[in-house]
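**Student:** Start counting the sequence shown at 2; every next residue gets the next number (my numbering).
Below you will find the structure I want to go over with you.
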Amino acid sequence: VLWILPPRLETYFLWHAGASCLHAGVLATMLWRGLGGGAWQGPQLAALRGILRFSGGVWAVSLLGAVLLQADKLILGRLLPLATLGQYMLAAMFALVIARASSPIFSSFFPRLSALVARGNRAELWEVYHFGVQAVAVIVLPIAFTVALFAHEILLIWTRDAALAGEAAVILRLLSLGVGCSGLLVLPYALLFAHGGTRLAFFCNLAAVALLVPGLVVIADGYGAVGAAALWLAVNAALAASFPLLCHHKLAGSLMLGGWLRDLLPPALAALLTAGLLRWAASASGPGWQAAAIVACAALSIGAAVLAAAHLRGWLLLRLRGGLA
């Protein structure tokens, strides 16, 4: 678009706005047809009253989640020198790509969990939940480990600036691990929302924001961008370690720590070990193999994580046997 039309910021943002409106229109049309269509009856405000409180809670949780995800950039923009801020923003751009891997998982599992809650099928509910937790682990964590271990190479390939890549690599390592921790919250959020609850997620996110915002102001002054990234990782790691267990206790009356660790640790350790071995092997290869090493690391780490995840491994074996039969 910028090649055809005048290359101005207005052109860029107007194109994005138009594309977003078109996307929303197409989705609305497909949803309406999927629901059976029919004549348009106008707004049904009475139908909204029953879900108004839940919708408001989801909105508040989403707002705090956005603050948690973006507050560091806004605060550091006033505290860091422009060059250092540029390094942080570059690293954040790559780290946030990891977050895109978890969004489709939420969209896939939330309707299923909601249907099972509505039917009162608790046994299948928890089975689907554990399956979803492992799905997040085998997709998000291998990518996060790959980005963390190959941070310098990724930045060097993108910028072709060895000095910039070296300075921003540590920031990218910390931020990518933080995004990986944040991705682990996807299924607990879906489970809580499926039960119609938002209060726990709201207060957990509020506590995380209350720690992050003043902490960034204090730490960035003395430790710069690396300190800010380390704090962001610590807050997300604390949230990932506490919110799922609190969610389990609220909905099942038990922390379910053993089941949570069995879902996460085997694929996480398999992915980390595989990525670490490939990082060691890639260090002996020439610069021309960097891109191939990164792709291979992500693919093989995901494969190792799948093999280590009991629910996913069993599901894949059933699918393969069914396909071969």
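Cβ coordinates follow ideal geometry from the N, Cα and C atoms, glycine included.
Here the structure is a predicted model, which means the values were calculated and not measured.
Considering only the alpha carbon of each residue, which of Leu75, Gly35, His131, Ala96 lies closest to Gly259?
**Tutor:** Residue 259 sits at position 258 when you count from the first residue of the sequence shown. Closest by alpha carbon: His131.
**Student:** Rounded to the nearest angstrom, how far is the Cβ of Ala238 from that of Cys182, given a contact under 8 Å?
**Tutor:** Residue mapping note: residue 238 aligns to position 237 of the sequence shown, counting from 1. Residue mapping note: residue 182 aligns to position 181 of the sequence shown, counting from 1. About 5 Å; that satisfies the 8 Å criterion.
**Student:** With Leu213 and Ala72 assumed to form a contact (beta carbons below 8 Å), what rounded beta-carbon distance in angstroms separates them?
**Tutor:** In the sequence shown, the residue the question calls residue 213 occupies position 212. In the sequence shown, the residue the question calls residue 72 occupies position 71. Between Ala72 and Leu213 the Cβ distance is about 6 Å, and since that is below 8 Å, they are a contact.
**Student:** If we count Cβ pairs, one from each stretch, closer than 8 Å, do we get three or more for the region 99 to 119 versus the region 291 to 298?
**Tutor:** no
**Student:** Please go through the same chain and pick out, in chain order, the residues whose beta-carbon is closer than 6 Å to the beta-carbon of Leu142, but skip the five residues on each side of it.
**Tutor:** Here residue 142 corresponds to residue number 141 of the sequence shown, with the count starting at 1. Hits under 6 Å: Gly181, Ala269, Ala272.
**Student:** Who are the Cβ neighbours of Pro189 in its own chain at under 7 Å, not counting the five residues just before and after it?
**Tutor:** Taking the first residue of the sequence shown as 1, we reach residue 189 at position 188. Excluding residues within five positions, the ones whose Cβ falls inside 7 Å are Phe244, Pro245, Cys248.
**Student:** Report the residue from Ala164, Asn206, Ala310 whose alpha carbon sits nearest the alpha carbon of Val68.
**Tutor:** On the sequence shown, residue 68 is found 67 positions in, with the first residue counted as 1. If we check each option's Cα against that of Val68, Asn206 comes out closest.
**Student:** Thinking just about the alpha-carbon of each residue, which of Ala195, Gly179, Gln291 is nearest to the one in Ala229?
**Tutor:** If you number the sequence shown from 1, residue 229 lands on position 228. For Ala229, the nearest C-alpha among the options comes from Gly179.
**Student:** Do Leu265 and Leu185 have their beta-carbon atoms positioned less than 9 Å apart in this structure?
**Tutor:** Start at 1 with the first residue of the sequence shown, and residue 185 comes out as number 184. Start at 1 with the first residue of the sequence shown, and residue 265 comes out as number 264. Yes, Cβ-Cβ distance for Leu185 and Leu265 is below 9 Å.
**Student:** Would you check if there are 3 or more beta carbon pairs closer than 8 Å linking the region 298 to 317 to the region 152 to 169?
**Tutor:** A contact between stretches requires three or more CB pairs, one per stretch, nearer than 8 Å, and the region 298 to 317 fails this requirement with the region 152 to 169.
**Student:** Report yes or no: do three or more beta-carbon pairs, one from the region 145 to 158 and one from the region 92 to 108, lie closer than 8 Å?
**Tutor:** The region 145 to 158 makes contact with the region 92 to 108: 3 or more CB pairs, one atom from each, lie closer than 8 Å.
**Student:** Report yes if the CB atom of Phe194 is closer than 9 Å to the CB atom of Leu65, and no otherwise.
**Tutor:** In the sequence shown, residue 194 corresponds to position 193, counting from 1. In the sequence shown, residue 65 corresponds to position 64, counting from 1. No.
**Student:** Using the C-alpha atoms, what's the distance from His312 back to Pro105?
**Tutor:** The residue labelled residue 105 in the question sits at position 104 within the sequence shown. The residue labelled residue 312 in the question sits at position 311 within the sequence shown. Answer to the nearest angstrom: the Cα atoms are 19 Å apart.
**Student:** Our contact map puts Leu77 next to Leu217 with C-beta atoms below 8 Å; I'd like the distance itself, whole angstroms only.
**Tutor:** Locating residue 77 in the sequence shown gives position 76, counting from the first residue. Locating residue 217 in the sequence shown gives position 216, counting from the first residue. Indeed, because the Cβ distance is near 7 Å, the residues count as touching under 8 Å.
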